[in-house]
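Student: Starting off with a structure, shown below.
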Amino acid sequence: MARNAGWRLSQLVLRYGLLIVLAVLVTSFALACPGFSTGTNLDSMLRAASIAAIMYGGATWAIASGEIDVSFMQVAAVANMLVAATVPYGWALAVSLGVLAGIGIGLLNGLIVGLLRLPSLIVTIATGGIALSIATSIGRGSSVSIANAGFIGEFLSVNVVGIPAVASLAAVIYGIAWYLQERLLFGHYLYATAQNRRAVMEAGIPVSKIIVILFAISGVTSATAGILLAADLASGQPRIGESYFLDGLTAIFLGALVIRPFEPNALGTLVGVLLLATLTSGTALLGWTDWQQQMLKGFLLLVSLVVVFGARHATVEDGEAKGVQAARKRTAAES
Amino acid sequence: MMPVRLLGFVLLLGAIVAFFGALSPHFAATANVSAILRHMSAIELAALGLTFVVVVRRSDLSFPGIASLGAMTAGWFVAQEQGLPLALLAGISIGIACGAISGAAVGFMRLPDIVSTIAIGAISASLSFLYSQGATISDNFVSVGLVDFNNRSIGLVGVPVLLMLAINLAAWMFLHCTRFGRGFYATGENPRSALLSGIRTRAYVLGAFAASGGMSCLAGILRSAEAGQAHVHIGSSFLLPAYASVYLGAALFGRASVAATFASCLLISATLNGCNLLSVPYYYGEGIIGLLVLLTVIAFDPRTGGLLDTAIRHSGNKTEA
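So the protein lines, in turn, are chains A and B. Residue 304 is where the first sequence starts when you use this note's numbering, and the numbers rise one by one after that. Residue 569 is where the second sequence starts when you use this note's numbering, and the numbers rise one by one after that.
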């Protein structure tokens with residue numbers, strides 16, 4: 304009984320440990336830097352984190368299904384540049400073109416990975432390269448400035464009950480994602496596909512279709528973030544993707560530490576994004592340079608992987624060892 | 569099967585040469601061909617290292633960051649007037665060490681390859697800032713002879729090209745003519761069978777990543793010699809072309825190998841050079857490589873039942889009958 308309680312405690316720590324880390328970080332930064340807990344800093348932190356969270360939402364599921372998407376940040380760059388270039392014809396058109404571009408590249412990824420069964424890493428590296436070229440060619444190699452930020456700009460500047468509207472949007476998106484993932488069959492299929500794609504297919508579930516949809520969703524969420532960034536920066540930046548690559552994967556895999564241990568999941572990514580935003584803002588206030596932050600993020604990602612996969616291998620090996628022991632006992636009893 | 573695939577490659581190369589040769593008279597000139605080879609040598613070496621990792625069926629995303637670290641390390645040694653041999657040795661050793669860490673994480677600790685190598689690549693890239701706080705290093709590059717090392721030619725062939733050919737030959741003999749080479753393929757085909765057959769699969773995975781790290785640093789150093797300066801983002805341009813070379817080669821020739829990587833890197837470099845001569849803007853480069861690898865992999869990869877594979881199966885049936 305006592306052992307059972309200890310096991311439960313360790314499970315609890317494993318499941319919510321990152322939330323505790325987040326709380327500790329926020330408290331210590333608030334105490335260490337006077338600029339951290341001011342309204343303006345928290346506000347800008349929340350805005351940046353919300354846009355980032357929207358960008359990584361789709362990629363979280365693509366990775367949860369056992370594939371990988373490394374083109375998400377370049378899809379955001381394409382949408383970002385496309386919006387900047389077409390804003391003179393009206394924001395409504397620009398936004399719909401941006402979203403269409405996201406769906407287009409996402410579908411391309413999904414069709415090649417889902418139907419042709421090619422490895423997602425090389426496919427998304429290639430489509431990411433193509434997307435980067437498209438993004439850069441729109442501005443012929445330079446950035447495009449936006450004269451008026453339109454209704455997206457208004458949306459970004461609005462606060463509802465003290466919270467940025469864009470944060471509410473991110474919260475709604477992640478709420479829906481959580482419902483789809485935890486309360487509908489879709490979530491079961493998603494995580495079953497990661498375990499054994501063939502078995503899921505044999506069970507009569509349209510795996511290829513699910514993968515196509517997952518990559519399309521990834522395209523849409525990335526493009527949405529790219530559109531928001533265009534209004535936020537009042538310009539289209541073709542190389543905007545670079546900084547989101549490491550952050551995105553770090554957030555997603557840090558997120559795999561919480562709520563649904565060992566599996567990338569929507570709410571986990573949200574926690575990961577908040578953690579990174581806290582670290583970025585806090586360390587910047589402490590005077591850290593970009594590369595010091597990058598090193599910290601790299602180590603954070605590595606440590607979280609060691610914890611997640613160390614724990615997973617330990618459980619699997621325990622199970623295997625017990626199985627072997629039981630088999631030995633059986634053969635001994637039989638002889 | 570192999571002759572058909574070789575024919576496919578020759579036809580593809582022929583088509584590229586004919587296309588660009590027709591549009592630009594300079595394309596097939598000796599000077600341009602030697603420029604293509606000289607420029608391709610750095611990428612080819614990075615791709616060659618990656619080939620080992622792909623042969624053991626893993627992915628390495630750390631080599632661009634490691635290449636930056638290696639180039640900056642060598643650059644720092646050159647700036648300190650430590651002499652070329654020591655600079656090369658230091659740059660390549662640090663690459664092998666970082667690659668070995670990636671390999672240990674993937675092979676021994678069994679961490680997922682893609683994410684853990686992204687983390688190690690990010691750490692390596694951030695370490696490259698330590699030498700100069702991120703500023704470019706170009707002191708003594710000419711006086712120590714690093715620039716001359718890249719520019720010198722023996723006969724018609726440049727030193728980097730000779731280096732590339734020599735390393736490729738050595739890698740080919742190692743991977744395809746020794747039992748260690750078979751060990752890499754066995755580890756990739758079926759790690760459990762390989763392990764039970766007495767192959768130390770974890771050591772092979774570690775070795776593959778160490779090779780990738782070391783080669784990418786050599787590539788980074790060659791690039792910095794070409795540019796006359798080392799900078800902290802020098803490796804980030806390697807990712808797409810190196811992956812494209814290995815996977816294009818694997819699709820064209822049926823599996824990843826030294827010759828396949830070399831051949832497809834030649835294809836990619838010739839295409840980029842041709843586009844350059846036709847004054848296609850530089851920013852289409854990534855898109856052209858991406859499109860080339862995507863189309864080739866879709867058309868030729870055995871997994872997709874690609875066009876070439878169907879053709880081979882048909883000819884195979886005929887010979888059987």
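Cβ coordinates follow ideal geometry from the N, Cα and C atoms, glycine included.
List the DSSP bridge partners of residue 463 of chain A.
Tutor: Position 160 of the first sequence, counting from 1, holds the residue named residue 463 of chain A. Under DSSP, residue 463 of chain A shares a beta bridge with A/466.
Student: Candidates A/594, A/371, A/345: which alpha carbon is nearest residue 409 of chain A's?
Tutor: Numbered from 1 along the first sequence, position 106 holds the residue referred to as residue 409 of chain A. For residue 409 of chain A, the nearest C-alpha among the options comes from A/371.
Student: Mind listing which residues of the region 571-585 of chain A have their C-beta closer than 7 Å to chain B's C-betas, in chain order?
Tutor: Cβ proximity to chain B below 7 Å picks out nothing from the region 571-585 of chain A.
Student: For my contact list, residue 575 of chain A and residue 601 of chain A are in at a C-beta cut-off of 8 Å; report their separation, rounded to the angstrom.
Tutor: The sequence position of residue 575 of chain A within the first sequence is 272, counting from 1. The sequence position of residue 601 of chain A within the first sequence is 298, counting from 1. Rounded, the Cβ-Cβ distance is 14 Å, inconsistent with contact.
Student: Cα separation between residue 438 of chain A and residue 347 of chain A?
Tutor: In the first sequence, residue 438 of chain A corresponds to position 135, counting from 1. In the first sequence, residue 347 of chain A corresponds to position 44, counting from 1. C-alpha separation (whole angstroms): 26 Å.
Student: What number of angstroms, rounded off, separates the C-alpha of residue 455 of chain A from the C-alpha of residue 466 of chain A?
Tutor: Stepping through the first sequence from its first residue, residue 455 of chain A is reached at position 152. Stepping through the first sequence from its first residue, residue 466 of chain A is reached at position 163. Computed Cα separation, rounded: 16 Å.
Student: Which of helix, strand or coil does DSSP assign to residue 888 of chain B?
Tutor: Taking the first residue of the second sequence as position 1, residue 888 of chain B is located at position 320. Low confidence applies here, because residue 888 of chain B scores a pLDDT of 39, under 50, leaving its location unreliable; read the following figure in that light. Three-state DSSP puts residue 888 of chain B in a helix.
Student: Consider the Cβ of residue 730 of chain B: report whether some Cβ of chain A lies at a distance smaller than 8 Å.
Tutor: Numbered from 1 along the second sequence, position 162 holds the residue referred to as residue 730 of chain B. It does not; no Cβ of chain A falls within 8 Å.
Student: Please list, in chain order, all residues of the same chain as residue 493 of chain A whose beta carbon is under 8 Å from its beta carbon, the five residues on each side excluded.
Tutor: Sequence index remark: in the first sequence, residue 493 of chain A carries index 190 (1-based). Closer than 8 Å at the Cβ level, and outside the excluded window around residue 493 of chain A, lie 364, 367, 368, 484, 513, 517.
Student: If we ignore side chains and look at the alpha-carbon of each, how far apart do residue 727 of chain B and residue 860 of chain B end up?
Tutor: In the second sequence, counting from the first residue as 1, residue 727 of chain B sits at position 159. In the second sequence, counting from the first residue as 1, residue 860 of chain B sits at position 292. Those two C-alpha atoms are separated by around 29 Å.
Student: What does a CB cutoff of less than 7 Å around residue 888 of chain B pick up in its chain, not counting 5 residues either side in sequence?
Tutor: As a working note, residue 888 of chain B is residue 320 in the second sequence. Note that residue 888 of chain B scores 39 on pLDDT, short of 50, meaning its location in the model is unreliable; the coordinates nonetheless yield the value given after this. Correct list: empty, nothing qualifies.
Student: Can you tell which of A/610, A/432, A/404, A/545 has the C-alpha that lies nearest to the C-alpha of residue 858 of chain B?
Tutor: Locating residue 858 of chain B in the second sequence gives position 290, counting from the first residue. Residue A/432 is the option with its Cα nearest to residue 858 of chain B.
Student: For residue 377 of chain A versus residue 435 of chain A, is the C-beta distance shorter than 8 Å?
Tutor: Against the first sequence, residue 377 of chain A aligns to sequence position 74. Against the first sequence, residue 435 of chain A aligns to sequence position 132. Result yes, Cβ atoms of residue 377 of chain A and residue 435 of chain A sit closer than 8 Å.
Student: Looking at the strands, I want to know which residues DSSP matches up with residue 725 of chain B.
Tutor: The residue you call residue 725 of chain B lines up with position 157 of the second sequence. DSSP, once it has assigned bridges, lists B/722 as partnering residue 725 of chain B.
Student: Under three-state DSSP, which class holds residue 490 of chain A?
Tutor: As a first step, residue 490 of chain A must be located in the first sequence, where it is residue number 187. If DSSP states are grouped into helix, strand and coil, residue 490 of chain A belongs with the helices.
Student: Grouping DSSP H, G and I as helix and E and B as strand, with all else coil, what is residue 784 of chain B?
Tutor: Along the second sequence, one-based indexing puts residue 784 of chain B at 216. Looking at residue 784 of chain B - three-state DSSP - the assignment turns out to be helix.
Student: Okay, do the region 406-424 of chain A and the region 560-575 of chain A touch, 3+ Cβ pairs below 8 Å being the bar?
Tutor: no
Student: Which residues of chain B have a Cβ atom closer than 9 Å to the Cβ of residue 500 of chain A, listed in chain order?
Tutor: Within the first sequence, residue 500 of chain A is the residue found at index 197, counting from 1. The premise fails here: residue 500 of chain A is roughly 13 Å from chain B at the closest Cβ pair, so nothing lies under 9 Å.
Student: Does DSSP classify residue 715 of chain B as helix, strand or coil?
Tutor: Residue mapping note: residue 715 of chain B aligns to position 147 of the second sequence, counting from 1. Correct three-state label for residue 715 of chain B: helix.
Student: Determine the chain B residues that contact residue 540 of chain A at a beta-carbon separation under 9 Å, and present them in chain order.
Tutor: On the first sequence, position 237 is the one that residue 540 of chain A refers to. Going along chain B, no residue has its Cβ under 9 Å from residue 540 of chain A, so there is no contact; the nearest lies around 14 Å.
Student: How about residue 430 of chain A: is its C-beta nearer than 8 Å to some C-beta of chain B?
Tutor: For the purposes of this step, residue 430 of chain A is taken as residue 127 along the first sequence, with counting starting at 1. Yes, because at least one Cβ of chain B sits closer than 8 Å to the Cβ of residue 430 of chain A.
Student: Of the residues that make up the region 552-573 of chain A, which ones have a beta carbon closer than 9 Å to any beta carbon in chain B?
Tutor: 552, 553, 555, 556
Student: Answer yes or no: does any C-beta atom of chain A fall closer than 8 Å to that of residue 579 of chain B?
Tutor: Locating residue 579 of chain B in the second sequence gives position 11, counting from the first residue. No, no contact with chain A.
Student: Is it the case that the Cβ atoms of residue 667 of chain B and residue 792 of chain B are separated by a distance below 8 Å?
Tutor: The residue you call residue 667 of chain B lines up with position 99 of the second sequence. The residue you call residue 792 of chain B lines up with position 224 of the second sequence. Cβ distance not < 8 Å, so residue 667 of chain B and residue 792 of chain B don't count as in contact.
Student: Pairing CB atoms from the region 718-725 of chain B with CB atoms from the region 659-676 of chain B, are three or more of them under 8 Å?
Tutor: no
Student: Based on the DSSP secondary-structure assignment, which residues constitute the bridge partners of residue 798 of chain B?
Tutor: Mapped onto the second sequence, residue 798 of chain B falls at position 230. The partner list for residue 798 of chain B (beta bridge, DSSP) reads B/705.
Student: Identify whether residue 539 of chain A lies in helix, strand or coil by the three-state DSSP scheme.
Tutor: Taking the first sequence and counting its residues from 1, the one referred to as residue 539 of chain A is at position 236. In this structure, residue 539 of chain A counts as strand in the three-state DSSP scheme.
Student: Rounded to a whole number of angstroms, what is the C-alpha to C-alpha distance between residue 775 of chain B and residue 474 of chain A?
Tutor: Here residue 775 of chain B corresponds to residue number 207 of the second sequence, with the count starting at 1. Here residue 474 of chain A corresponds to residue number 171 of the first sequence, with the count starting at 1. Near 45 Å, if we compare the C-alpha coordinates of residue 474 of chain A and residue 775 of chain B.
Student: Does the separation of the CB atoms of residue 641 of chain B and residue 659 of chain B fall below 8 Å?
Tutor: Within the second sequence, residue 641 of chain B is the residue found at index 73, counting from 1. Within the second sequence, residue 659 of chain B is the residue found at index 91, counting from 1. Against a cut-off of 8 Å, the Cβ pair of residue 659 of chain B and residue 641 of chain B comes out as a contact.
Student: Using the beta-carbon count (16 or more within 10 Å), is residue 886 of chain B buried or exposed?
Tutor: Numbered from 1 along the second sequence, position 318 holds the residue referred to as residue 886 of chain B. Any reading at residue 886 of chain B must be qualified, since the residue scores a pLDDT of 45, below 50, and its modelled position is unreliable; the value itself is stated next. When all chains shown are included, residue 886 of chain B counts as exposed.
Student: Flag residue 518 of chain A as yes if its beta-carbon sits less than 8 Å from any beta-carbon of chain B, otherwise no.
Tutor: For this step, residue 518 of chain A is matched to residue 215 along the first sequence. Not closer than 8 Å to any Cβ of chain B, the Cβ of residue 518 of chain A fails to qualify, so no.
Student: From B/862, B/789, B/868, pick the residue whose C-alpha is nearest to that of residue 812 of chain B; which is it?
Tutor: Taking the first residue of the second sequence as position 1, residue 812 of chain B is located at position 244. Comparing Cα-Cα distances from residue 812 of chain B to each of B/862, B/789, B/868, the minimum goes to B/862.
Student: State yes or no: is the beta carbon of residue 439 of chain A nearer than 8 Å to at least one beta carbon in chain B?
Tutor: In the first sequence, the residue the question calls residue 439 of chain A occupies position 136. For residue 439 of chain A, the answer is yes, since a Cβ of chain B falls inside 8 Å of its Cβ.
Student: Which of the residues in the region 667-683 of chain B, read from start to end, lie with their CB under 8 Å from any CB of chain A?
Tutor: Taken in chain order, the members of the region 667-683 of chain B whose beta-carbon sits within less than 8 Å of a beta-carbon on chain A are 673, 677, 678, 679, 680, 682, 683.
Student: Between the region 342-371 of chain A and chain B, which residues of the former have a C-beta closer than 8 Å to a C-beta of the latter?
Tutor: 371
Student: With 8 Å set as the bound, which would you pick, yes or no: does the beta-carbon of residue 815 of chain B sit closer than that to a beta-carbon of chain A?
Tutor: In the second sequence, counting from the first residue as 1, residue 815 of chain B sits at position 247. Yes, residue 815 of chain B lies at the interface with chain A (some Cβ there is under 8 Å from its Cβ).
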